[in-house]
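Just so we're aligned, residue -7 is where the sequence shown starts under my numbering, counting upward by one.
Cβ coordinates follow ideal geometry from the N, Cα and C atoms, glycine included.
Below is one structure, written out as C-alpha cells, with a few remarks after it.
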Amino acid sequence: MMMTNPIPYIFIMMIFVSCRCNSTSNAIVEDSDTTKVESWASDPDVPLIQKNLELHLKAKSEGDFVTFTRYAYPRLFETMDKAEVIKTMETYRAEGMIQEMKLIQMKFVSPAFADSLYKFRLIKFDGIMTIQFSPDYGTDPKSFFNMLKEEHGEEFMVYDEEKKKYTIEREFPMYATCPVDSTDWTFLNYTYTTMSGSAQIFPFEVVRQLKTFEK
-7 MMMTNPIPYI FIMMIFVSCR CNSTSNAIVE DSDTTKVESW ASDPDVPLIQ
43 KNLELHLKAK SEGDFVTFTR YAYPRLFETM DKAEVIKTME TYRAEGMIQE
93 MKLIQMKFVS PAFADSLYKF RLIKFDGIMT IQFSPDYGTD PKSFFNMLKE
143 EHGEEFMVYD EEKKKYTIER EFPMYATCPV DSTDWTFLNY TYTTMSGSAQ
193 IFPFEVVRQL KTFEK
C-alpha cells in the first residue's frame, strides 16, 4: 500500500503524543512517598482530569479522531487546521498504522498555573502505548525506531518484528489545560512548548513554572 508523506504525521505525533520527560527515570514504579501522593490525589480536579484523559486516549485508540481532538488544547488549532489534523490521522490509520494508548494509573498532578484565559497543570501517568503496522504497510516499521527511541527511550520500548508492533510502557508526561472558568480539561504534549510559534498560545511564565515539576 502506498503511504503518504510521513512528515506531517510525525509532527502530529510530537504534539499529541506524550514524550520523554526530563526525569531520571520514566519506568513504571510504585510511589513510596504517600504524603506526596495524597497531596495531589485529594485535589478535586484530579478525577475530572483523569476522566477526560481516559476519553482522549480511548478515542485515539478507537480511531475516533473527532473526539480525540475535542479533548486537545483548543488553542492548538489557531496554528494548524483541525480538519487537516483529523484527515491526516484518519489516513494513516486507514493505511495500516494503528496507534493505541491506555492509562494505567495517575502518578502526579501539579498545582494549576493560569494566564488570563486558561489554567495549566503538568500531569504524569503510567501508560502503555502500542503502534501496530499492517502486513502491507508501505514503509518498513523499523524506520520509525530511532524517532521513537528519541521520544520515549529505548529502555521503555519493544519492537516485535514478526507482529510489526511497537510496545512502549512507561511514565508519560502531558499538560492538562482548561478555561479559567471551567473544569473541561484538555491535553497537550509538553514538547510542543519548545517549538517555534508556541509562545503565542502557551504563555512563557506558565511554562517556566510547570517545568519546575518535571523532575
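Asked                                                                                                                                                                        : Found
Out of Trp32, Tyr63, Leu68, state which residue places its alpha-carbon closest to the alpha-carbon of lysine 43.                                                            : Tyr63
So the beta strand (DSSP E) valine 77 belongs to, where does it begin and stop?                                                                                              : Not the beta strand (DSSP E): valine 77 falls in the alpha helix (DSSP H), residues 74 to 86.
What whole-angstrom Cβ distance do lysine 141 and phenylalanine 117 have, given they're in contact under 8 angstroms?                                                        : So it is not a contact: roughly 21 angstroms between Cβ atoms.
Can you give me the C-alpha to C-alpha distance between phenylalanine 136 and glutamate 146, rounded to a whole angstrom?                                                    : 12 angstroms
Let me know the secondary structure DSSP gives aspartate 37 once reduced to three states.                                                                                    : helix
Go ahead and label isoleucine 200 buried or exposed: buried means 16 or more other beta carbons lie within 10 angstroms of its beta carbon, across all protein chains shown. : Per the sequence shown, residue 200 should be read as arginine rather than isoleucine. Burial call: exposed.
Skipping 5 residues on each side, what residues in its chain have a beta carbon closer than 7 angstroms to that of leucine 40?                                               : Thr175, Trp177
If we count the other Cβ atoms within 10 Å of its Cβ and call it buried at 16 or more, is threonine 204 buried or exposed?                                                   : exposed
Tell me whether glutamate 86 is buried or exposed, calling it buried when 16 or more other Cβ atoms sit within 10 Å of its Cβ.                                               : Here residue 86 turns out to be alanine, not glutamate, going by the sequence shown. Alanine 86 should be labelled exposed.
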